[in-house]
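Protein chains in written order, with my numbering: chain A, 5 to 208; chain B, 5 to 208.
This report refers to the structure that appears directly beneath it.
Protein chains: 2
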Amino acid sequence: MNEGVIMVVSGPAGSGKGTVCKMLYASGDFCPSVSRTTRDPRPGEVDGVDYSFVSREEFLRLLAEGDFLEYNSYCGQFYGTPKSAAERIIASGKNLLLEIDVNGAKQVKEKCPNAVLVMLLPPSFAEQERRLRYRGTETEELIQKRLEQTREELKSLSVYDYIVYNPTGETERALENIRAIAAAERCSLDRRASAAEDYFANKN
Amino acid sequence: MNEGVIMVVSGPAGSGKGTVCKMLYASGDFCPSVSRTTRDPRPGEVDGVDYSFVSREEFLRLLAEGDFLEYNSYCGQFYGTPKSAAERIIASGKNLLLEIDVNGAKQVKEKCPNAVLVMLLPPSFAEQERRLRYRGTETEELIQKRLEQTREELKSLSVYDYIVYNPTGETERALENIRAIAAAERCSLDRRASAAEDYFANKN
């Protein structure tokens with residue numbers, strides 16, 4: 005059994021990233037990561053399932069120990085992806101899927117050059133704008149902010165390894181592409197530096 | 005419709021390469037290439053289907069023009085993979101599959117750095133040897149020669165991008181991995197240098 009992959013999926017508002025990741029978790033092809041956070045649990049949230057709730061002191065200690073693939077702060081609270089748990093998951097042969105933004109993706113790639121970064125995109129910027137208007141949950145100001153954010157984030161597109169487009173009504177194809185990327189990466193020679201030695205030593 | 009991939013599949017004797025490639029052609033996922041050769045057609049061979057039969061003069065002219073992805077000579081005759089035909093196939097969005105050896109694979113990668121090189125392997129060297137004996141069509145001397153050839157060829161394993169193992173009874177999984185590699189490569193950012201520009205220009 006070879007190692008699983010750490011896959012990051014990012015995507016702008018309207019890319020369908022949330023739905024796609026939920027479907028990938030539900031199908032059992034990818035494991036989620038349980039983030040650590042310093043914020044208080046909300047009603048119904050379970051420690052170790054929704055988040056791993058830790059004190060600020062504990063978070064900073066784990067950060068000093070290097071046990072984060074990425075972290076960030078939001079509204080004065082820390083959030084981060086545990087490194088040791090991620091390593092246990094991929095060592096067991098499972099794939100890990102992290103749904104994080106461009107800033108987090110860059111941190112993951114730095115900590116773990118083997119991580120596979122996927123950008124999920126609507127078929128076009130015009131379609132993204134259409135989707136944001138269509139869902140009707142955001143003010144015009146917020147829509148403009150999200151579009152501006154997309155322009156900003158896609159300046160870093162080159163840190164990603166793959167782009168998967170998610171046209172309306174073709175979610176299944178986007179899922180297939182993401183599964184194909186994980187399967188292909190597991191065959192990548194970059195992950196099998198000792199492949200020839202193992203072959204002659206009958207080690208597979 | 006984005007461009008297809010040029011995929012090379014190599015594999016030592018006993019890897020199951022012939023069967024795997026036949027199945028990939030038959031499923032329509034990959035197009036074959038019609039090789040050019042200077043040798044005479046055998047009874048039943050159709051020009052433009054089995055081979056494109058050309059004179060030695062014509063072969064050398066096309067070689068001078070650079071219209072080969074790779075070529076070699078065998079028993080005094082030339083064989084080669086036409087470049088222009090390969091480019092037409094991938095431009096139409098189809099994937100091209102070339103079943104060639106390590107020497108040819110290196111030539112293809114040089115001519116076309118975007119080409120995807122896949123090494124198909126039995127699960128181990130011991131299993132390869134077992135398969136060669138089991139089929140009982142080769143003399144002991146030829147078996148030893150094939151195994152020595154494998155040792156030699158796998159010294160160049162690092163030019164390949166992917167390794168796919170083909171354990172006995174798991175051909176379907178090997179096929180799936182090869183299909184996944186083609187699908188993933190089509191999502192690769194390396195093939196979409198202008199992805200961000202295209203996105204904002206609504207060009208996809």
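Glycine residues also receive a C-beta, built at the ideal position from the N, C-alpha and C atoms.
Here the structure is a predicted model, which is why all the values come from computation and not from measurement.
{"Query": "Partner residues on chain B for Arg4(A), Cβ-Cβ distance less than 8 Å", "Result": "This structure cannot speak to residue 4(A), because chain A is shown only from 5 to 208."}
{"Query": "Selection from Arg195(A), Asp44(A), Leu73(A) and Val9(A) that minimises the alpha carbon distance to Arg60(A)", "Result": "Asp44(A)"}
{"Query": "Beta-carbon proximity of Val12(B) to Gly108(B), cut-off 9 Å", "Result": "yes"}
{"Query": "Expected contact under 8 Å - CB spacing of Thr41(B) and Tyr83(B) to nearest Å", "Result": "5 Å"}
{"Query": "Check whether Tyr166(A) and Ile185(A) have beta carbons under 9 Å apart", "Result": "yes"}
{"Query": "Three-way DSSP call (helix, strand, coil) for Tyr203(B) in this model", "Result": "helix"}
{"Query": "Min CB distance Ala17(B) to chain A below 9 Å", "Result": "no"}
{"Query": "C-beta neighbour in chain A for Asn99(B), strict 9 Å", "Result": "no"}
{"Query": "Contact under 9 Å by Cβ, Arg155(B) with Phe204(A)", "Result": "yes"}
{"Query": "For Val24(A), the first and last residue of its enclosing alpha helix (DSSP H)", "Result": "Lys21 to Ala30"}
{"Query": "Where the beta strand (DSSP E) containing Thr85(A) begins and where it ends", "Result": "Gln81 to Pro86"}
{"Query": "Run of the beta strand (DSSP E) containing Phe72(B), from where it starts to where it stops", "Result": "Phe72 to Tyr78"}
{"Query": "Partners in chain B for Ile185(A), counting only beta-carbon separations shorter than 7 Å", "Result": "Ala188 and Cys191"}
{"Query": "Per-residue contacts from Tyr203(B) into chain A (C-beta, under 7 Å)", "Result": "Leu125, Ser128, Phe129 and Leu158"}
{"Query": "Endpoints, alpha helix (DSSP H) assigned at Tyr138(A)", "Result": "Phe129 to Arg139"}
{"Query": "Reference Gly217(B), options Arg177(B), Asn76(B), Ala199(B) and Lys207(B), closest by Cα", "Result": "An answer regarding residue 217(B) cannot be provided, because it is not within the stretch 5 to 208 covered by chain B."}
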